[in-house]
Amino acid sequence: MQGLPPKVSDLIQQINKEALYEIKEHITLGLTQTAEYLQLPPWEEYRESLIEAAHVTYKAVLVDAQLIYVTFRPLFILLSWFMGHFARLMSFLLKDAAIRFQISVKRAIVFQSSLPRFWILVEASIIAACITAYLLRRLIKRRRYVERLRAWYDTKRRAAQRKYDAALDKVSRTSMTLAMCLPHILYGVGAFVAKWLLSDVFVYIASDVPLLECITVFGPTFHTVVAVQRYQHLCNVHRKLYANDPLVVEDDSPPCEDNERRGVDNYDPTMTKIQLKKEEKKSNAHLQKLLRYWIIYGLVISFGKLLIMLPLVCRLVSKIEDNMIRQLLLVMFVWLRYLPLPSSKQMGKTFGKHARLYSTNTIDIVYCNLVQPFLLPLANVTEGRKQTRGMIEFFLAQLETFLSVCVFMKALRAEGKEQIVHVVTEGLALLPACITLLMPSMFTAYGCVYVGGFVSTANSAKCDDAIVKNDKKAAFISDDDPKLLQLRMLRVRWLRYWCVYVNVLFLLARADSILAWIPLSTHATLILLVWLQLPAFGGAPLLYDILVTEMSGFGIIEPDESFDAEKTLTMRLLNRMSTSGFEKEKNDDVGHEVEIDDAESLHSSRSNKDGIPLEKRAVMESSEERETPTIMESAAITN
Numbered sequence: 001m002q003g004l005p006p007k008v009s010d011l012i013q014q015i016n017k018e019a020l021y022e023i024k025e026h027i028t029l030g031l032t033q034t035a036e037y038l039q040l041p042p043w044e045e046y047r048e049s050l051i052e053a054a055h056v057t058y059k060a061v062l063v064d065a066q067l068i069y070v071t072f073r074p075l076f077i078l079l080s081w082f083m084g085h086f087a088r089l090m091s092f093l094l095k096d097a098a099i100r101f102q103i104s105v106k107r108a109i110v111f112q113s114s115l116p117r118f119w120i121l122v123e124a125s126i127i128a129a130c131i132t133a134y135l136l137r138r139l140i141k142r143r144r145y146v147e148r149l150r151a152w153y154d155t156k157r158r159a160a161q162r163k164y165d166a167a168l169d170k171v172s173r174t175s176m177t178l179a180m181c182l183p184h185i186l187y188g189v190g191a192f193v194a195k196w197l198l199s200d201v202f203v204y205i206a207s208d209v210p211l212l213e214c215i216t217v218f219g220p221t222f223h224t225v226v227a228v229q230r231y232q233h234l235c236n237v238h239r240k241l242y243a244n245d246p247l248v249v250e251d252d253s254p255p256c257e258d259n260e261r262r263g264v265d266n267y268d269p270t271m272t273k274i275q276l277k278k279e280e281k282k283s284n285a286h287l288q289k290l291l292r293y294w295i296i297y298g299l300v301i302s303f304g305k306l307l308i309m310l311p312l313v314c315r316l317v318s319k320i321e322d323n324m325i326r327q328l329l330l331v332m333f334v335w336l337r338y339l340p341l342p343s344s345k346q347m348g349k350t351f352g353k354h355a356r357l358y359s360t361n362t363i364d365i366v367y368c369n370l371v372q373p374f375l376l377p378l379a380n381v382t383e384g385r386k387q388t389r390g391m392i393e394f395f396l397a398q399l400e401t402f403l404s405v406c407v408f409m410k411a412l413r414a415e416g417k418e419q420i421v422h423v424v425t426e427g428l429a430l431l432p433a434c435i436t437l438l439m440p441s442m443f444t445a446y447g448c449v450y451v452g453g454f455v456s457t458a459n460s461a462k463c464d465d466a467i468v469k470n471d472k473k474a475a476f477i478s479d480d481d482p483k484l485l486q487l488r489m490l491r492v493r494w495l496r497y498w499c500v501y502v503n504v505l506f507l508l509a510r511a512d513s514i515l516a517w518i519p520l521s522t523h524a525t526l527i528l529l530v531w532l533q534l535p536a537f538g539g540a541p542l543l544y545d546i547l548v549t550e551m552s553g554f555g556i557i558e559p560d561e562s563f564d565a566e567k568t569l570t571m572r573l574l575n576r577m578s579t580s581g582f583e584k585e586k587n588d589d590v591g592h593e594v595e596i597d598d599a600e601s602l603h604s605s606r607s608n609k610d611g612i613p614l615e616k617r618a619v620m621e622s623s624e625e626r627e628t629p630t631i632m633e634s635a636a637i638t639n
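Below, the structure is given as structure tokens:
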């Protein structure tokens, strides 16, 4: 309104107010007419209807609640009765647990109070050491010392490997044979110098420290268990990626409650088919290396036992000290497992066309040149040939015919027939050892060596050779050949067997002095080894599952999500021992209370005899003794 005269601006404002008032009246009139046309009730009627609806809803809720109470009242009564009994049961269990805890605390207090101060300090130091180890483990995991140390070691190892390969390349330009033998010559010279300069330390490490057992038994067992679990995981990934392709044949191990939790059900969705092929190749190469190591180890141990048992050779072997034998074995197995050789990439550059004759693994060198030529003919001899069939082969043919008839008549499944034939066929190799069960223990020991050492190594070598031959065929056909996959699962079976066998052999060697006093202990050992060797109904898969469960329970290997510590053999034994100890303590307490009650009842029966209390009876007897004269007094009165 700026720039207009005052009268004009006032007039405009008055006109605007009148226009607004008219608009407001028109809107009010329109709303009133709309309400009358739609017959909308006034607000008072709405308010009364809402109050009445709320009242009726409240009554309906009360009626529904009463109906629900009347309908479910028996259920509420049963539930209250159940909860009451459950509360009584929980109170009884809590009371029982409190009694157990009280007995355990009293027993611990009495035991600790009876100990000398020295042993109390030893216990305190052990507890402090455990707490310190736990805190140190947490610190190591938080600071990642293990990963950093491993990365530092890998860096240094690669640098040393490059220098070593360069030096070996220079030697190979002069002499190829010298370059091939140089690592082994250097290792032998180093071992001789260490024995010469540090003789006492060398003897102490080989004899008094269980380093040899860790290198030959425990370390390979751990690596084998991890490798088998990794292979099972890759089989599961293969099943997910190739859902329409035939997968590996099922393992012939007997079903066990822990078979479902050994890493087979873990699936990695991020792994592609190319990565899976690479991982499967690495896993198969690692499993082949482990199986060949176990074959070499079993053959060395078997020959050692055989030399000790031979009458004439035993005199020569007994002259060698045990410390010297352990030193030789330590040098041999360190050379076998940890000798640094040229890397696979440098091998072709160094040895050229001779690279295929040279292996980057000492185990392959020993196995291919020494062990395999000996074991494969032995495996062929133990299983027999069709051209040399005798009574046993005839019996097998008749048995297979009879089982085929049973399958045709539906009295037996085809899988059962194959399993029986498999067991009997492999059992033929165990037949010579079973004959020694009827002989004295001196001859039964040869059967133990034959079953545990030579038969298992020969069958493992035969399995490895079949896998190598089928690998070459699969390279031109398919990696998913059912026969090849079946042979790989057979290799897994033999790896499980070796894990169990070497640990059982270790325990038997430690208990040798005790078993020597037990009659027929050698025959029992042979039966145990035959049971472990059987392809079906054998003990190796069962004991392997127990071994894996215990390793998971002690944290040696990573447990699965479905792992239950209460299922381990150690926890079950501890629970059984604690339960038996509590029952014995409870029975002792009950017996003590019964003795106290018997003593009190006897005391009360004596005190109430003839209706006279015990104190008054004692006073009366003492007075009678005083009134009665002695013999001397009576004689004096008579005189």
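The sequence shown begins at 1 in UniProt numbering and counts up one residue at a time. Even for Gly, the Cβ is constructed at its ideal location relative to N, Cα and C. Values in this document were obtained by computation on a predicted structure and should not be read as measured data.
Please classify residue i: does DSSP put it in a helix, a strand, or coil?
i, result
"Gly84", "helix"
"Ile556", "coil"
"Glu561", "coil"
"Leu198", "coil"
"Gly539", "coil"
"Ala54", "helix"
"Glu593", "Below a pLDDT of 50, predicted positions are generally treated as unreliable, and Glu593, at 48, falls in that range; no measurement from the model is reported."
"Phe517", "Residue identity check: residue 517 is Trp in the sequence provided, not Phe. Correct three-state label for Trp517: coil."
"Asn361", "coil"
"Arg413", "coil"
"Asn16", "helix"
"Asp64", "helix"
"Asp465", "helix"
"Val209", "coil"
"Leu29", "helix"
"Leu341", "coil"
With a cut-off of 8 Å on the beta carbons, I'd call residue i and residue j a contact; round off their distance for me.
i, j, result
"Leu437", "Leu526", "6 Å"
"Leu532", "Val502", "That belief does not hold up - the Cβ atoms of Leu532 and Val502 are roughly 11 Å apart, past 8 Å."
"Ser456", "Tyr497", "7 Å"
"His523", "Thr579", "35 Å between Cβ atoms; not a contact."
"Val237", "Leu276", "6 Å"
"Tyr187", "Trp335", "6 Å"
In whole angstroms, what is the alpha-carbon distance linking residue i and residue j?
i, j, result
"Ala97", "Ser114", "26 Å"
"Arg493", "Pro541", "8 Å"
"Asn361", "Val225", "21 Å"
"Gln232", "Arg88", "49 Å"
"Glu36", "His26", "15 Å"
"Asn16", "Pro42", "33 Å"
"residue 641", "Arg73", "There is simply no residue 641 to check, as the chain begins at 1 and stops at 639 in what is shown."
"Leu412", "Phe402", "11 Å"
"Arg100", "Arg107", "10 Å"
"Gly538", "Cys448", "16 Å"
"Lys472", "His223", "26 Å"
"Thr28", "Ala19", "14 Å"
"Val171", "Met439", "58 Å"
"Ile126", "Ala414", "59 Å"
"Val217", "Leu94", "47 Å"
"Phe111", "Phe118", "14 Å"
Beta-carbon within less than 8 Å of residue i's beta-carbon, same chain only, minus the 5 sequence neighbours each way: which residues are those?
i, result
"Ile320", "none"
"Val249", "Model confidence at Val249 stands at a pLDDT of 40, short of 50, so the residue's coordinates are unreliable and nothing is read from them."
"Met571", "Gly553 and Ala565"
Give the range of the alpha helix (DSSP H) segment to which residue i is assigned.
i, result
"Lys281", "Lys273 to Met309"
"Arg158", "Tyr145 to Thr174"
"Tyr338", "Asp322 to Tyr338"
"Cys448", "Ser441 to Val449"
"Ala509", "Pro482 to Arg510"
"Phe222", "Gly219 to Leu241"
Looking only at its chain, what residues have a beta carbon closer than 6 Å to the beta carbon of residue i, apart from the 5 residues adjacent to it on each side?
i, result
"Leu330", "Ala206 and Leu212"
"Leu292", "The sequence given here has Arg at residue 292, not Leu. The answer, listed in chain order, is Ile363 and Tyr367."
"Leu247", "Per-residue confidence for Leu247 stands at a pLDDT of 41, beneath the threshold of 50, marking its modelled position as unreliable; the derived number appears in the next sentence. Contacts found: Arg239."
"Leu378", "Ala458"
"Lys417", "Leu403 and Val407"
Residues in the same chain with beta-carbon distance under 7 Å from residue i, minus the five sequence neighbours each way, listed in chain order, please.
i, result
"Leu306", "Val449"
"Asp557", "According to the sequence displayed, residue 557 carries Ile and not Asp. Closer than 7 Å at the Cβ level, and outside the excluded window around Ile557, lie Val225, Val226 and Met551."
"Val146", "Ile140"
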